[in-house]
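J.: Residue numbers (my numbering): 85 to 261. Even for Gly, the Cβ is constructed at its ideal location relative to N, Cα and C.
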């Protein structure tokens, strides 16, 4: 005989993990039900730590993982909800962040980039001689983090957003001041 049976899903399981049926997802979920809530805005079950503490993206789990392309809504793998509201398999994120610090969907910074930005500020302040001839050049910058556009002195690398101070930017037009 199975340890768990769900009459709605006709699902039998002998798993040692806790399983519960979510009526709003219309399927069984793995994990303790008392640590989970269903976000109606996102249409997904989430850890209670995220209640009133996440960005809502409708049907965020009803998409494929941007790394492995597995459908996340029915996946039994652990998921991570990024600060921007997009979802990704936890193991895929661990692999992905070895090479990038941006969300693979919207390009916002994945984590707290303050230390990274401070390191770039330090490097640039100690290499001012490299940029002495570029102070006549300006550029338009589009920031992936705050989604704003600003103007700055042009640098070949590391153009800083003048609004949120992030280096997670794309350089647009370059022109002489």
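Helix, strand or coil: how does DSSP classify residue 260 here?
T.: Strand, per DSSP.
J.: Give every residue of the same chain whose Cβ lies closer than 8 Å to the Cβ of residue 234, excluding the five residues on either side of it in the sequence, and list them in chain order.
T.: Correct list, in chain order: 224, 225, 227, 245, 246 and 247.
J.: Given 8 Å as the limit, is there contact between the stretch 169-181 and the stretch 139-156, that is, 3 or more CB pairs closer than that?
T.: Enough Cβ pairs lie closer than 8 Å, so yes.
J.: Return helix, strand or coil for residue 175, following the three-state DSSP convention.
T.: Here residue 175 sits in helix by DSSP.
J.: Residues in the same chain with beta-carbon distance under 7 Å from residue 105, minus the five sequence neighbours each way, listed in chain order, please.
T.: So the list reads 90, 92, 93 and 112, once near-sequence residues are dropped.
J.: Check residue 246 in the structure and name its three-state DSSP category.
T.: Looking at residue 246 - three-state DSSP - the assignment turns out to be coil, as it is neither helix nor strand.
J.: What do you reckon, are the CB atoms on residue 100 and residue 126 nearer than 8 Å?
T.: No. Outside cutoff.
J.: Report the residue from 192, 210, 95 and 109 whose alpha carbon sits nearest the alpha carbon of residue 157.
T.: Per the Cα distances, 109.
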